[in-house]
Amino acid sequence: MEGTPRLKSAFPATPQTSRRGGGGGGGAYPASPVKQRRSEHLPEIPALQPTAAPAPPSEPVIPESVIDAPSQRLYAVTLFVALWAWKVYDFAYLQELDDQSLWLFMKWVALDGVFLFGLPGMRIPWLEWSSVTMTLLFMGHALADGMMMFRIPIPVGAGLAAVGRSVWGAYEMAVNEHRVNPHRIEFNESLILGRQIIHILPEGSAVLNPERTSYCLGGSNTEARLPITINSTNPTSMELVRWDLDTNANETIHITKSHLKAMHKDASRLKSYSEKPNEPKTLFYSVKKPGLYVLSKVIDESNLEVARKRMAHTVVVPCPKANILPAKTARCRGDLSKIELEVTGTPPLRVKYRKAINQQAQDISFESIQPEDFLSPLGKVDFDNAVTIPTVVDTEWARSRVIKVPLSEGLTAAGRWVYSISEVQDGFGNKVPYSEAEVDRKAHLSLSIMVHELPQVNLQGCTPQKPLNVAIGQAAQLPVQLSSTGRGAIKDTPYHLQCLFSPQDDISATGEHRAEPELRKISVQDGDQKPQISQAGLYTLQSVSTDFCAGEVLEPASCLLQNPPQPQLSINSEEMFDKCAGKPIGLRVDLDLLGTPPFDVHYKVTRKGDRNHHVAHERINGLRGQIELMPRHAGEYTYDFTEISDSVYKSQKLGGLQLTQNVKPAASASIMGINDKKTACIDEKVTFDVGFQGEGPFALEWELVHNGKRVTHQMPNITQDYTTIVTDELRDGGDYVLALKSVTDKAGCQEFLKDEGKITVRHQKPKVGFGHVDNRRSIKTLEGTSAQLPLRLAGERPWTIAYRDASGREHTMKVSQPNDRITASQEGAYELVNVRDNFCPGVVDEASKDFNVSYIPRPQMRIPESGIAERSGQKLSRQAVCEGDEDAIEVLFKGAAPYHIHWMQHTKPEHGAVAPKPKELRVPQNMATVRMDTAQAGLYTYTFDKLGDANYDHNSKAFTPITLEQRVHGRPSAAFVNPGKTYSFCSVESAGEEVIPVQFHGEPPFHLEVEIKHHRTGRPETLTLSKLPSRRHDIRIPHSRLHGGKSSVALRAVTDARGCSRILDSSVPRVHIAVHDAPTITPLDTSSDFCVGDRLNFALAGQAPFNVFYNFEGHDRKAVASSTTFRRLAETPGTFTITGIQDSASTCRSSTNLTAHIHGLPSVRVSHGKDAYVDIHEGGEAEILFEFGGEPPFEFTWTRSTHSQRKGGKGVVLDMKHEVSEGRVLRVKAGEEGVYEVVAVRDRWCRFVKPGVKVDWREREKLLEF
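Residue 349 in UniProt numbering sits at position 349 of the sequence shown, with consecutive numbering throughout.
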């Protein structure tokens, strides 16, 4: 590494020597190159010479490979700053606990010692100080620790002041009343400006490509304009030598005089071109062939060869270019990209390309692209300065090369991958960028690759252990599950499957394929499509692929397809007989089956003589089953078993399986459609439906059982298969049982019956009525609330009741509780209309069917008329009062005590602002007194916005706010504008005497009482002032009330026009008055003419401090002198006149007229105040222009010295002269080389000399000392 890269504000770079890093390759080459100046040549490659490597010194404790040296220095400084921050914290904490000074001093001496003496042991570069240095640092830190921890004061302020005076000088007060540095006035370098620098020109020169700009040809660059800079010459012909980069052959290019004129004309269009013959000019020569160009000869007008500066050769190369070679555009996920970039140009090359994966772009660049074993001087130079080459003419390294750069990276994501070239740069720094439009237009600049997901497949729901059972001759779907390495199956892409098949007879005993199974190829368009298979055997997926990529077969991958045997049925039957008549009543059939359970056996039942037949089926879960065929009606029945189905074969026809029987079933009867107990109301009949079986007509006997009593009923000659039993009206409540006793059929066989139905009869009818509230069927409720009207219900829940509300509308509601309630939201009468419970209709109790609802009245409040000046609706105005007076109002209430009122007090004071105050009051009776607030002057507004009582909370809709306004006038006040001030008066009455201003607050006119107390007599006098029309009044004390010495003036009482008054006590500030004599001022200088930088001094008489009044350049100013001397620095020219003086003893001002004239310092400008550079030929002359400022005549001293090449340095004085000018402009001819400048100047009044120069103006001699 050459060094650690860093910002300008970072730590200095780690010193790089040969002992660190091996000297750039074992000492065989010089140290790592840095950026060269544009005026330097690239060093030639030295020959390899073995050198002995110096012994490396000790490395840092923390190797630079772990933490580099600048970072280690940064950490050390950070630790140092943290220790000082901790130390400052302890120092601040010590201000409160000073008993820890000794312990803290010892602590910090130890910590500083450990840090300072431990730092060199870390061997951090630049922090490896000597032991003497570390000892001095430790002693300094120990001294600082002692001063901080023992709180020894440091005279920082005095030190800073001394340093400031030593650096910037002592500031003085100038005539413009601001402080200035006299040093800047006395040594104003702007008074002498400009230098004339004369340079004798050498012979003319010419140079090719002085800025060493790089050039390339190709594309839009059809030619290169090579700059040729000429100086102090006018060439008539030039010769360029071009070496071909491919053949190394050279040719000479002649530039004629006419061509040079055209080049001058072309260059004159540039702003930098100068028509002056001796100034440098840059001409441009266009070349259209690549090569190495050298300026070999330049001939000027005198037919002499012009000197040529030896610069590096200028190389014009073909512009670099790059393209992406064609490649396969369809790839699979996980493949390598295998792309090649073809880069053409002069090595080392740099190419920048963009890679976009699914529109997510990333910029990538390749550096130092060059052939193997390729050596070029450009490889050692940064691209920014890669424009110089060795002077040896060898063009092989500059030839354009074609280099292929492979890109091989894993395509880890599916989607669109786009590679495009953004920029290419050659070794000279020639850059060729490619815009997005150009990349889209030219196919060789980009390559788009579509990366596809890898397909995956497996079987779902079929394995050799769980085979597919398919009927013989039928096909089934092979349950393939399509997926991919992405999410789900690949859409719009067919899957190509290869499957191994072995017939069932060729499967091995272990369930595997035998040798040479059949290979089948299957194509599946999408995930919903399943391959069809019908042949029994083992199917195994072997491979899967799409049109682009081969995929992976996942487990399970094998499926076994079987053809089970078809179902078969055989039957055996046995007749069933009636025990009474011995007649057949049905068949018992045994079923023997073969196949795959479960079985569905379908048979057809046909009765002779019927047009229709009945189809039935039985589900048999095993291989044997039994069914009983017992028709309900008599007749000859035929049973045909028509078809059979199992889990594989469906609807297999059967033939020859038929049974016949003449059935005569026994009589029976049953109650139809009864599951639960029937419920009935009192006096209600109950019905039951009864169904019969057997040969009719039938005779039915049934009985009704209740409370241990049985009542038998008979129903003879029933010819239908069903009938309806209707009971009598059930007049007793309780439980009933209707039981069927027996049934007799046509043959007279009586069958015993046991079917019965249960009945529950209600004991009473439902009933409804209103309950009582406080022994009344009426209620009072709050307005806006609902009342709950109690109900009393009898019967089975739930009930449905109907009632009529206060507005006459009828409502229906369901209730589930016998003591439920009706919600009444209106005031008025409520009436019950009817009721019905869960089963039966009911009755309404006439005595309790009505209920009345009424509202409790809301509270009210009002304010009596007494004390009210104006009323407008709910807005009242009360009579105004003075600030601090007592006032109150009465408020009357109506409602239910206690009352609660709330009001907002808004105050608009005369000054400032007061936030609204919420107030509230609880009143236990029907009247209350509200005290008015008069503590502060202003407009008070009381808004009573909330009212509530024992029944009601506040309701904004039911209560209209009441607003009460009252104006509180402020009490007047009076105060001196300048309390405590002592007003001075002269011993005699004069114009402009001081007045005592008083400020009033209130409504004018005012009445004021003033007390004057003389210190000499001690007796107060009262001065009364009436009808003062304004809020500010200037009190003029009559001279008859004034006495020599001091007196005090105080305000005692004030009254305004509103009748409000204020008594001012002795604590109110007062003022003082005194009488004194006038001060004087005298100048200390005899002359009235001064120069800028001089001091104006005056002596003052009186009592300090003084106020000095003066005029400077038309502006009146006032200065304060704290001593008996008044001094001002003459900063700028002008007329300074003192007009008056005033001391601190009184306000008496003494008028005066002391005038001083301040003249400006002379100035001189050489060459218009600038550094003028003039180039002349040997023997020529240049004119030096001197321009003066001030009042003539002028005297000045100037020198000629050598031109210092060091910035800010002074040359050696070669000559010194003294000149006199009667005018303001002087021109002097000079023909010697050097720097001409003025060092001293003087006009009629003042003079100025550059710092460091002494001039004896009296002898008018040049005595200069530097």
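Quick reminder that beta carbons are idealized off the backbone N, C-alpha and C, glycines included.
It should be emphasised that the depicted structure is a prediction, and the values quoted were computed from it without experimental measurement.
From the DSSP output, which residues share a beta bridge with Q652? I644
Scan the region 354 to 435 and note each continuous beta strand (DSSP E) run of 3 residues or more that stays entirely inside, going in chain order. 360 to 369, 401 to 407, 415 to 425 and 431 to 433
Could one say the Cβ of V711 lies closer than 9 angstroms to chain D's Cβ atoms, at least one of them? Considering every chain present, this structure includes no chain D. It has just one protein chain.
Residue range of the unbroken beta strand (DSSP E) whose run includes K321: K321 to I324
My understanding is that V1164 touches Q196, with C-beta atoms under 8 angstroms, so please give their C-beta distance in whole angstroms. In fact, because the Cβ distance is near 12 angstroms, the residues do not count as touching under 8 angstroms.
Can you tell me where the beta strand (DSSP E) with residue 1267 in it begins and where it stops? A query on residue 1267 cannot be resolved here, the shown segment of the chain reaching from 1 to 1266 and no further.
Let me check understanding here. Comparing Cα to Cα, which of S778, D820 and L832 lies closest to Y803? L832
Taking 9 angstroms as the threshold (C-beta atoms), are P665 and D721 in contact? no
Which of the three DSSP states, helix, strand or coil, is assigned to R762? DSSP places R762 in coil when its eight states are reduced to three.
Within 10 angstroms of the Cβ of D953, are there 16 or more other Cβ atoms? Answer buried if so, exposed if not. exposed
Terminal residues of the beta strand (DSSP E) in which R184 lies: R184 -> not in any beta strand (DSSP E); alpha helix (DSSP H) instead, spanning P182 to E186.
Can you have a look at P556 and say buried or exposed, based on whether 16 or more other CB atoms are within 10 angstroms of its CB? buried
Taking contact to mean 3 or more Cβ pairs, one atom from each stretch, closer than 8 angstroms, check whether the region 226 to 237 and the region 270 to 282 are in contact. Contact check between the region 226 to 237 and the region 270 to 282: three or more CB pairs, one atom from each, fall below 8 angstroms, which counts as touching.
Work out the CA separation of F428 and R37 for me, nearest whole Å. No answer about R37 holds up, because its pLDDT of 34 lies below 50 and its placement is not dependable.
Assign S446 to one of two classes, buried (16 or more other C-beta atoms within 10 Å of its C-beta) or exposed (fewer than that). buried
Just to confirm the assignment, what range does the alpha helix (DSSP H) spanning L73 have? Going by the sequence as given, residue 73 is Arg instead of Leu. Here the alpha helix (DSSP H) through R73 covers A69 to L94.
Would you grab the beta carbon distance between V405 and F366 for me? Rounded to a whole angstrom, and I think it's under 8 angstroms. 6 angstroms
beta-carbon T712 near the ligand COA non-hydrogen atom, thresh 8 angstroms: Summarising the ligand content, the structure contains no ligands, and the ligand COA is consequently not present.
Look up E574 in the DSSP assignment and say whether it is helix, strand or coil. strand
Got a sec, what are the start and stop residues for the beta strand (DSSP E) A666 sits in? Looking at the DSSP string, A666 is not in any beta strand (DSSP E), and its letter there is neither H nor E.
Can you give me the C-alpha to C-alpha distance between G635 and E574, rounded to a whole angstrom? 18 angstroms
Applying the criterion that 16 or more other CB atoms from any shown protein chain within 10 Å of the CB defines a buried residue, is S214 buried or exposed? By the neighbour-count rule (16 or more Cβ atoms within 10 Å), S214 is buried.
Roughly how many angstroms lie between the CA atoms of T388 and P348, to the nearest whole one? Low per-residue confidence applies at T388: pLDDT is 43, beneath 50, and the placement is therefore not dependable, though the value from the model is reported in the following sentence. Rounded to the nearest angstrom, the two C-alpha atoms are 14 angstroms apart.
Rounded separation between S973 and E1011 - CA only: Those two C-alpha atoms are separated by around 16 angstroms.
Whole-angstrom distance between A1130 and R1095, CA atom to CA atom: 6 angstroms
So T744 and F698 are in contact, right, with Cβ under 8 angstroms, and what is the actual spacing, rounded? 7 angstroms
Report the residue from G867, A1240 and I152 whose alpha carbon sits nearest the alpha carbon of E189. A1240
Less than 9 angstroms separating the beta-carbons of A935 and G867? no
Any idea if Y293 is buried or exposed, counting beta-carbon neighbours within 10 angstroms, 16 or more meaning buried? buried
For I533, list the residues DSSP reports as bridge partners. A476
Tell whether a beta-carbon distance below 9 angstroms holds between I1138 and I1081. yes
For the candidate residues G1189, N819 and D300, whose alpha-carbon lies nearest to that of G795? The shortest C-alpha separation from G795 is found at N819.
When I801, G771, L791 and G673 are compared against K758, the one with the closest alpha-carbon: G673
I'd like the span of the beta strand (DSSP E) that includes K767, first residue to last. K767 to F770
Under a Cβ-count criterion, where at least 16 other Cβ atoms within 10 Å of its own Cβ denotes burial, should S825 be classed as buried or exposed? exposed
Does the distance from the C-beta atom of N358 to that of R416 stay below 9 angstroms? yes
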